[in-house]
Amino acid sequence: MAVQNYSTSDQFSVSQWERGMNIETLKKVSWSGFAGKGEDSLIQVRDELSSSAGDTVKYGLTMQLTGAPKQGDETLEGNERTLTQHQDSMKIDLIREGYANNSAMGQQRTNFDVRETGRRVLQPYFSQVFDQWFFNQLGGAVHQTSTSLTGNNAVTEYDSNHRLIMDSANNTNDQDLDSGDPFTIDMIDKAVEKAQAGTKAIRPAKVMGRESYVCFLHPYQVTSLRGTSSAWFTFWQNAAAGGMIEGNPIVRGFLGYWNDVLIVSSSRVPTGANSSTEAEISTVRRAIFAGAQAGYMAFGRKGGNPNRFQWIEKSRDYDLIEGIAVQAVAGLKRPIFDSESLNSFTISSYAVASA
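Written as structure tokens, this is what we have:
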């Protein structure tokens with residue numbers, strides 16, 4: 000009886016692994032539940048370069064009209080408004096990583112599959128990289144200078160209109176914060192006020208069918224939050240017991256809602272930065288408050304490959320060494336128009352391990 004067999008280099012075999020990387024990698028990214036192609040997504044995925052050449056995605060902002068309209072017999076012709084428009088852009092670039100088994104006898108001595116081992120190592124690695132892109136960009140991690148860890152786009156500091164800081168009456172910058180400035184629940188309320196009343200109001204994102212803002216806190220900030228606000232602690236217990244979205248696989252680290260803000264815990268929330276030197280401040284964390292279109296992400300299709308990830312297998316030295324590489328063309332960026340951030344800001348507080 001004839002048996003169909005697919006060799007390691009067979010095109011169908013490779014495509015299957017590529018599709019698997021595409022699905023599993025993005026599914027395991029902690030913020031994947033907030034990403035989508037719509038304008039109401041927290042991270043909007045742009046597909047302009049998925050089917051065309053280029054390494055730059057451009058997007059614009061048209062400001063809303065303000066002021067009083069013409070009234071009565073006032074002349075409109077020749078006195079029409081002009082639009083105020085701003086433009087920003089983001090880069091995409093190739094990122095890749097690989098795994099190689101450099102010993103034929105090593106395979107003889109151990110019982111493992113090179114391809115499966117490569118998948119188990121590389122898939123979570125790329126998920127981790129995309130997580131770092133998101134938190135470094137939206138957290139304004141200016142001390143991270145490697146653009147391969149910031150979405151292939153440099154990180155810029157948030158402008159003064161898009162930063163909140165604990166005890167702002169006494170603190171101006173991250174370096175001013177000390178042990179008397181832990182994160183408290185009232186900062187969520189101040190963030191909502193700032194989002195709704197600012198000159199460039201932040202729209203809520205659509206999260207599982209519900210319009211809400213999202214605030215990402217570091218676990219150190221979460222500990223302070225629970226310990227300094229009995230109202231929050233009671234609310235958190237009730238929300239967890241009620242199972243509002245408990246068990247939903249696309250939102251990990253879910254803590255609950257407060258004032259229509261979904262609070263999410265993540266250890267990747269970045270540290271603070273010195274306002275003068277941009278040096279990292281390890282005792283400060285920058286919580287991220289975000290609404291719709293807080294960031295943009297784009298993918299390219301290298302060589303016309305239909306998958307976002309390309310899986311490459313190669314043997315060297317007369318098949319002695321087997322290697323696997325995975326690569327993708329992508330980018331992520333926080334939008335900045337006219338030197339001002341849009342749709343997100345940071346909330347800095349003192350945050351260290353409690354034990």
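Counting with our numbering, you get residues 0 to 354 for the letters of the sequence shown.
We put the beta carbon where it would ideally sit given N, CA and C, even for glycine.
Assuming residue 211 and residue 260 make a contact with CB atoms under 8 Å, what is their CB distance in whole Å?
Confirmed, Cβ separation roughly 6 Å.
Could you name the residues of the same chain whose beta carbon sits closer than 8 Å to that of residue 134, not counting the 5 residues immediately before and after it, in chain order?
Closer than 8 Å at Cβ, skipping near neighbours: 140, 215, 265, 267, 268, 269 and 287.
DSSP three-state call for residue 344: helix, strand or coil?
The answer is strand: DSSP assigns residue 344 an E or B state.
Please tell me whether residue 54 and residue 92 are closer than 8 Å, where the distance is taken between their beta carbons.
Contact flag set, yes.
Compare the Cα-Cα distances from residue 354 to each of 328, 253, 344 and 218 and report the closest residue.
For the residues 328, 253, 344 and 218, the minimum Cα distance to residue 354 belongs to 218.
Distance, Cα to Cα, residue 291 vs residue 208?
Near 13 Å, if we compare the C-alpha coordinates of residue 208 and residue 291.
How many whole angstroms separate the CB atoms of residue 297 and residue 89, which I take to be in contact at a CB cut-off of 8 Å?
With 8 Å as the limit, residue 297 and residue 89 qualify as a contact, their Cβ atoms being about 6 Å apart.
Under three-state DSSP, which class holds residue 358?
What the structure shows of the chain is the stretch from 0 to 354, and residue 358 is not part of that stretch, so it cannot be assessed.
Just how far apart, CA to CA, sit residue 246 and residue 323?
Here residue 246 scores only 47 on pLDDT, less than 50, and its place in the model is too uncertain to base an answer on.
Kindly list the residues whose CB is nearer than 6 Å to the CB of residue 161, restricted to its own chain and excluding five residues on each side of it in sequence; keep chain order.
The residues are 340 and 344.
Express the C-alpha separation of residue 70 and residue 79 in angstroms, rounding to a whole number.
For residue 79 and residue 70, the distance between alpha carbons rounds to 13 Å.
Pop quiz: residue 294 and residue 136 are said to be a contact at Cβ under 8 Å. What is the actual Cβ separation, rounded to whole angstroms?
6 Å between Cβ atoms; contact.
For residue 336, which option in 58, 46 and 44 has the closest C-alpha, if you only look at C-alpha atoms?
Closest option to residue 336, Cα to Cα, is 58.
Enumerated in chain order, which unbroken segments of the alpha helix (DSSP H) with a length of 4 residues or greater are wholly contained in the region 256-305?
You should have found no qualifying run.
Where does residue 10 land, buried or exposed, given buried means 16+ other C-beta within 10 angstroms?
Because residue 10 sits at a pLDDT of 46, beneath the cut-off of 50, its placement in the model cannot be relied upon, and the following sentence gives the value as read from the coordinates. It is exposed - the Cβ of residue 10 has fewer than 16 other Cβ atoms within 10 Å.
Is the beta carbon of residue 163 closer than 8 Å to that of residue 346?
Cβ atoms of residue 346 and residue 163: closer than 8 Å.
When the Cα of residue 279 is compared with those of 156, 334, 115 and 198, which residue comes out closest?
Of the listed residues, the one whose Cα sits closest to residue 279 is 156.
Run the CB neighbour count on residue 222, radius 10 Å, all protein chains shown included, and call it buried at 16 or more, exposed below.
Classification of residue 222: buried, given that the 10 Å Cβ count is 16 or more.
Going by beta-carbon coordinates alone, are residue 24 and residue 182 separated by less than 8 Å?
No, the pair does not count as a contact, with Cβ atoms beyond the cut-off.
Report the option in 123, 128 and 315 whose CA atom is closest to the CA atom of residue 147.
Here the closest residue by C-alpha is 128.
For residue 248, which three-state DSSP category applies?
Note that residue 248 has pLDDT 42, beneath the 50 cutoff, so the model's placement of it is unreliable and no number is given.
Could you have a look at residue 358 and say whether DSSP puts it in helix, strand or coil?
Outside the displayed range of the chain (0 to 354) lies residue 358, so it cannot be described from this structure.
Determine the direct distance from the alpha carbon of residue 118 to that of residue 330, and round the result to whole angstroms.
In a straight line, the C-alpha of residue 330 is about 22 Å away from that of residue 118.
Could you tell me the distance, in whole angstroms, from the CA atom of residue 213 to the CA atom of residue 314?
Taking the straight line from one Cα to the other gives about 46 Å.
Could you tell me the alpha carbon to alpha carbon distance between residue 351 and residue 225, rounded to whole angstroms?
Cα to Cα, the separation comes out at about 14 Å.
Between the Cα of residue 338 and those of 26, 284, 154 and 35, spot the shortest distance and give me the residue it belongs to.
Among 26, 284, 154 and 35, the Cα nearest to that of residue 338 is on 154.
Who does residue 308 pair with in a DSSP beta bridge?
Its beta-bridge partners are 327.
Could you give the DSSP three-state label for residue 115: helix, strand or coil?
Helix at residue 115.
Could you say which of 65, 131 and 116 lies nearest to residue 28 if we only look at CA atoms?
Checking every option, the nearest Cα to that of residue 28 belongs to 131.
Below 8 Å CB to CB, which residues in the same chain sit around residue 72 once its five sequence neighbours on both sides are set aside?
Cβ within range, chain order: n/a, list empty.
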